[in-house]
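Please read the structure below before turning to the comments.
Protein chains: 2
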Amino acid sequence: MSADDFIVTPWRVEGKIDYDKLIKQFGTEKITNDLLNRVTKLAGEDHFMLRRGIFFSHRDLKTILDEYEKGNKFFLYTGRGPSGHTHIGHLVPWVFAKWLQDKFNVNMYFQLTDDEKFYSKQDLSLEETKKFAYENALDFIALGFKPENTKIIIDTENIQTLYPIAAQVAKKINFSNTKAVFGFTNDTNIGMIFYTSLQSAPCFIEDKPVLIPLGVDQDPHFRLTRDVAPKIGKLKPALIHNIMIPSLQGPGGKMSASEENTTIYTTDSPEVVKKKISKYAFSGGQPDVEQHRKEGGNPDIDVSYQYLRIFFEPDDNALKKIHDDYKSGKMLTGELKEILIEKINNFLKIHQENREKARDKIDKFLFEN
Amino acid sequence: MSADDFIVTPWRVEGKIDYDKLIKQFGTEKITNDLLNRVTKLAGEDHFMLRRGIFFSHRDLKTILDEYEKGNKFFLYTGRGPSGHTHIGHLVPWVFAKWLQDKFNVNMYFQLTDDEKFYSKQDLSLEETKKFAYENALDFIALGFKPENTKIIIDTENIQTLYPIAAQVAKKINFSNTKAVFGFTNDTNIGMIFYTSLQSAPCFIEDKPVLIPLGVDQDPHFRLTRDVAPKIGKLKPALIHNIMIPSLQGPGGKMSASEENTTIYTTDSPEVVKKKISKYAFSGGQPDVEQHRKEGGNPDIDVSYQYLRIFFEPDDNALKKIHDDYKSGKMLTGELKEILIEKINNFLKIHQENREKARDKIDKFLFEN
């Protein structure tokens, strides 16, 4: 892997990602200003994640909007592979999906792929991934979804509904296709090989167009789904992609639920958050205060600044002030980290309360076969 | 494929099968006289399908008997791929399984693999294979099984139970394994690739040893299951194999539900049976009566005789008389066919009555997730 190379697959993200290159590599479309303005107009307001390019790419978003303007509603679908507790990176597409749901008044399906994580992680049992699925569901519900228009699908619990749909998809995908798209080899287990058809299934759970907000690393699954859709008489799913959320240890790779010190979990205490950010958050600052005051920091690579930009500081003016102060050297890395720690802990205080309340509500959200 | 070559896979049977060679090729064990006598002693009587070598091969049948003698019961499992109506060849392992169930007083699971036939047959929809599954279930029930100790599994209806078990198996099988055992290629669809793990699942549905009576062409599936079983802390399934039932058009290949004129369906009318046997049943007789009287017929290749031997004439003395008369030329092909037509029609008269009665009982047999 040369200096500017990177790898993005559903199971591996490495290197410093050049998102313009990735758009070309994946064959997706950049979200232009025109498209952004159209979403904003239909939604009645804009969203900082669109404005700031956190959601940067799409497939067929225009078609979704065309149909919506004609009065044909879409539905939303996203999900999570439950290999551990939820971290703050996972919340990005969920929060954005919630905003879309509220503004466009549409149904939402959230898939927890306990089987996938069992197939892909040598050391995880199906009992463990299912346990994490229920834990992750609490985080999703805590963001304020309503059971009236939001259903949670857990693969092993809802296989009765998913499998007949997945079978239609699976018949149209061969091993070569999965090799080309996921890089599977002869050593890949047959659960993993079949699995992509189960991630396709919720796309066809309603007879409407679907829009999927998701991390761009998951795009390959739906590339296959989009190829298959017309062959089984269905509409191609539309996608809107967010960038990878960097790990605490900096750009290159994404935040991973399985590496504890690179990750802020939604269940972390204020003390743990403080410690992780202080100790591990990759800094764009200078080696000492004197040099920092003189030369300034680099917010583009500073993880604390990036977390504010991506999630924790929706106010553009406040963010710009932090950016400029850090860049000029007026703000020290320690001060920037203090701001982020406070923002995260304020968010998590409310989130953790809602998360506990979600335990009593979860049954209302579970999809019934 | 040279003269004495043959191919036996779950989806393709061709050539004149040398069963001794097949035992070596598959790595199974021949049912010896000792083993046959042991089954007979434990069962309290013998069965003509064992005596005549219709069931000719096994894996771990000795272990099943050892455990049974210690008081540890096994359970039975067999099945059918519902690609069409049931033909009389399908009944062979079912009738034998019923005998085993009665004599050993054990539970029985019958799997109808509607998904497999959907994956493997380009022109069949899942609705069609499921419809055939329910039709095939009637034939199974018609043989006299009791709902108290017999459950029918339909893959797409019982996937909620099967999938978590299949997932354990699927994680331990890679694409190479399926290539080696089934001859899959890069063009094989991913439903087909995954499917073998679903045929494995019923092996582990009870925490007891399982014995599977089945056509020897299905052995490859359970070769994989047997490799996986110890890796997931389970007992290896034991198998008892029957020979392939020849098509009407003669030795080489098996009776196929998808080729109408080579097959007697359980739903055929007496007239249709008469016509099919008279017109299509491959004859071991001579070209004309004079030559037949002089040289005699060859019962070894005569399909009508073989059907009597395999299924329709359990009485050894009666069968021997037919054999000798045909071989000597005393019995003409037309006379032999008359005997078979009457036997089949007598059998089907009762079977078809029971089949209709089964419609009211089927619900009691369906496995509940």
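Same order as they appear, the protein sequences are chains D and F. The first sequence: position 297 = 297 (our numbering), numbered continuously. Each number in our numbering comes from the position in the second sequence (counting from 1) with 1000 added on. Think of the CB as a built atom: it goes at the ideal place given N, C-alpha and C, for glycine as much as any other residue.
Please report how far the alpha carbon of residue i lies from the alpha carbon of residue j, in whole angstroms.
| i | j | result |
| --- | --- | --- |
| D/Asp219 | D/Trp11 | 12 Å |
| F/Val1216 | F/Val1210 | 17 Å |
| F/Leu1348 | F/Ile1141 | 14 Å |
| F/Glu1335 | F/Ala1170 | 53 Å |
| D/Tyr109 | D/Gly191 | 23 Å |
| D/Ser120 | D/Pro82 | 11 Å |
| F/Met1001 | D/Leu61 | Residue confidence is low: F/Met1001 scores 42 on pLDDT, short of 50, so the model does not pin down where it sits. Its coordinate-derived value is still stated next. Rounded to the nearest angstrom, the two C-alpha atoms are 55 Å apart. |
| F/Lys1208 | F/Leu1235 | 8 Å |
| F/Tyr1068 | D/Thr267 | 53 Å |
| F/Phe1184 | F/Asp1325 | 47 Å |
| D/Leu124 | D/Phe118 | 6 Å |
| D/Leu112 | D/Ala180 | 25 Å |
| F/Asp1114 | F/Ile1344 | 28 Å |
| D/Phe26 | D/Arg226 | 13 Å |
| F/Ala1281 | F/Gly1329 | 18 Å |
| D/His90 | D/Gly79 | 9 Å |
| D/Lys41 | D/Ile322 | 29 Å |
| F/Gln1122 | D/Ala201 | 20 Å |
| D/Leu366 | D/Asp46 | 31 Å |
Near residue i, which residues of its chain fall below 6 Å by C-beta distance, leaving aside the five closest residues on each side in sequence?
| i | result |
| --- | --- |
| D/Leu50 | Leu36 |
| D/Ile232 | Gln168 |
| D/Phe55 | Met49, Ile240, Asn242 |
| F/Gly1285 | His1292, Gly1297, Thr1333 |
| F/Phe1088 | The amino acid at residue 1088 of chain F is misidentified as Phe; the sequence shows Ile. The residues are Ile1264. |
| F/Ala1043 | Lys1103 |
| F/Leu1126 | Phe1118 |
Which term fits residue i, buried or exposed, when burial requires 16 or more other beta carbons within 10 angstroms of its beta carbon?
| i | result |
| --- | --- |
| D/Pro299 | buried |
| F/Glu1290 | exposed |
| D/Ser386 | As shown, chain D starts at 1 and ends at 369. That puts residue 386 of chain D outside it, with no answer to give. |
| D/Asn189 | buried |
| D/Asn72 | exposed |
| D/Gln199 | buried |
| D/Pro164 | buried |
| F/Glu1116 | buried |
| F/Pro1230 | exposed |
| D/Lys130 | buried |
| F/Lys1364 | exposed |
| F/Thr1178 | buried |
| F/Ala1318 | exposed |
| D/Glu356 | exposed |
| D/Glu368 | exposed |
| D/Arg359 | exposed |
| F/Lys965 | Because chain F in this structure spans residues 1001 to 1369, residue 965 of chain F falls outside the shown range and cannot be described. |
| F/Glu1353 | exposed |
Given a cut-off of 8 Å, decide if residue j and residue i are closer than it, judged by their beta-carbon atoms.
| i | j | result |
| --- | --- | --- |
| D/Thr333 | D/Ser269 | no |
| D/His351 | D/Leu239 | no |
| F/Val1095 | F/Leu1076 | no |
| D/Leu340 | D/Phe312 | yes |
| F/Asp1018 | F/Phe1006 | yes |
| F/Thr1086 | F/Tyr1265 | yes |
| F/Asn1242 | F/Val1092 | yes |
| F/Ile1023 | F/Lys1030 | yes |
| D/Asn261 | D/Lys274 | no |
| D/Phe48 | D/Pro213 | no |
| D/Ile173 | D/Thr196 | yes |
| F/Val1013 | F/Met1331 | no |
| D/Asn33 | D/Gln101 | no |
| F/Pro1147 | F/Lys1361 | yes |
| D/Phe194 | F/Ile1205 | no |
What residues in its chain sit with their C-beta under 7 Å from that of residue i, if we drop five residues either side in the sequence?
| i | result |
| --- | --- |
| D/Lys98 | Leu143, Gly144, Phe145 |
| F/Arg1052 | Arg1309 |
| F/Ile1064 | Phe1074, Pro1209, Leu1211, Ala1238 |
| F/Cys1203 | Tyr1077, Val1210, Thr1225, Pro1237 |
| D/Lys294 | Gly329 |
Applying a beta-carbon distance threshold of less than 9 Å, which residues of chain A neighbour residue i?
| i | result |
| --- | --- |
| F/Thr1156 | Of the protein chains in this structure, namely D and F, none is chain A. |
Within a Cβ cutoff of 8 Å, which residues of the same chain sit near residue i, ignoring the five residues on either side of it in sequence?
| i | result |
| --- | --- |
| F/Lys1327 | Gly1296, Gly1297, Asn1298, Pro1299 |
| D/Ile301 | Gly250, Pro251, Phe282, Gly284 |
* To do: Examine the Cβ distances between the segment 1129–1139 of chain F and the segment 1147–1164 of chain F and report whether three or more of them are shorter than 8 Å.
  => yes
* To do: Could you tell me whether the segment 1301–1312 of chain F touches the segment 1241–1252 of chain F, using the rule of 3 or more Cβ pairs below 8 Å?
  => yes
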